[in-house]
Amino acid sequence: MHEGYYALRQLRIEKFFVCWGQDIPTNITPFECGRTYRIDFNKDFIGKGALLEQKRSGTQKRFVQLLVGNYDLYYNPWPKGGELIYRYGEPIGRTTSAAFGYTLDCQFVIFADEEEANKYMIIYNIENIFGCAFMKTLFLFLDRI
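Residue numbers (the UniProt record's numbering): 1 to 145.
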């Protein structure tokens with residue numbers, strides 16, 4: 001394959017572009033994956049009522065982008081997706097995608113948070129990458145509701 005394909009796959013994670021089929025299944029709404037800025041609620045469309053109800057009541061899941069901290073790029077294993085995310089010592093889910101971010105010179109992962117989707121301050125403290133624990137920081141997810 002062309003090298004540009006792999007570059008775009010990694011850059012999309014750094015820019016927090018989720019990939020249909022890999023990061024998000026077909027039952028995820030724009031509110032859950034941070035894409036409400038693409039909806040024109042002034043127009044009629046199929047599912048508008050359900051989206052307005054979800055906007056009013058809140059979401060059950062939210063996709064966030066996490067920055068892997070305290071990480072040695074040359075020594076530690078790189079995440080590739082599927083790694084466990086822990087909050088306060090308890091596993092709360094797995095990453096869907098991971099990549100190296102060339103702009104900030106660090107690792108990024110995408111994760112679906114189903115427990116605290118409607119909270120503004122979310123703290124993720126540990127990610128397990130092949131048995132190694134790393135601190136995580138919430139990064140670059142702006143809900144544009």
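Where a beta carbon is used, it is the ideal one built from N, C-alpha and C, also for glycine.
Values in this document were obtained by computation on a predicted structure and should not be read as measured data.
Check                                                                                                                                                                             : Outcome
Expressed to the nearest angstrom, what Euclidean distance is found between the alpha-carbon atoms of tyrosine 86 and phenylalanine 16?                                           : 21 Å
Which value, in whole angstroms, describes the spacing of the CA atoms of glycine 81 and phenylalanine 108?                                                                       : 10 Å
Rounding to the nearest angstrom, what Cα-Cα distance links isoleucine 123 and glycine 47 in this structure?                                                                      : Confidence is the limiting factor: at isoleucine 123 the pLDDT is only 48, short of 50, which leaves the residue's position unreliable and the question unanswerable from this model.
Just how far apart, CA to CA, sit tyrosine 120 and serine 57?                                                                                                                     : Any reading at tyrosine 120 is ruled out, since the residue's pLDDT is 45, under 50, leaving its predicted position unreliable.
Answer yes or no: do serine 97 and cysteine 19 have a C-beta to C-beta separation smaller than 8 Å?                                                                               : yes
How should glutamate 71 be labelled, buried or exposed, when 16 other C-beta atoms within 10 angstroms of its C-beta is the threshold for buried?                                 : Here the sequence assigns tyrosine to residue 71, which means glutamate is not the residue at that position. Tyrosine 71 should be labelled buried.
Would you report the Cα separation of threonine 26 and tyrosine 88, rounded to the nearest angstrom?                                                                              : 31 Å
Are the CB atoms of alanine 112 and phenylalanine 63 nearer to each other than 8 Å?                                                                                               : yes
Would you kindly work out how many angstroms separate the C-alpha atoms of leucine 84 and isoleucine 39, rounded to a whole number?                                               : 32 Å
Between which residues of its own chain and isoleucine 13 is the CB-CB distance below 8 Å, once the five residues before and five after are set aside?                            : Gln65, Ser97, Ala98, Ala99, Gly101, Phe108, Val109 and Ile110
Ignore the nearest five residues each way along the sequence and tell me which others in glutamine 10's own chain have a CB closer than 7 Å to its CB.                            : Ala99 and Phe100
Near aspartate 23, which residues of its chain fall below 6 Å by C-beta distance, leaving aside the five closest residues on each side in sequence?                               : Thr96, Ser97 and Ile110
Give me, in chain order, the residues of the same chain whose beta-carbon lies closer than 8 Å to that of leucine 8; leave out the 5 immediate sequence neighbours on both sides. : none
Beta carbon of proline 79, beta carbon of valine 68: below 8 Å?                                                                                                                   : yes
In or out: asparagine 118 buried (at least 16 other Cβ within 10 Å) or exposed?                                                                                                   : Residue confidence for asparagine 118 is low, a pLDDT of 47 falling below 50, so the modelled location carries little weight; the figure read from the coordinates is stated next. The residue in question, asparagine 118, is exposed, as its Cβ has fewer than 16 Cβ neighbours within 10 Å.
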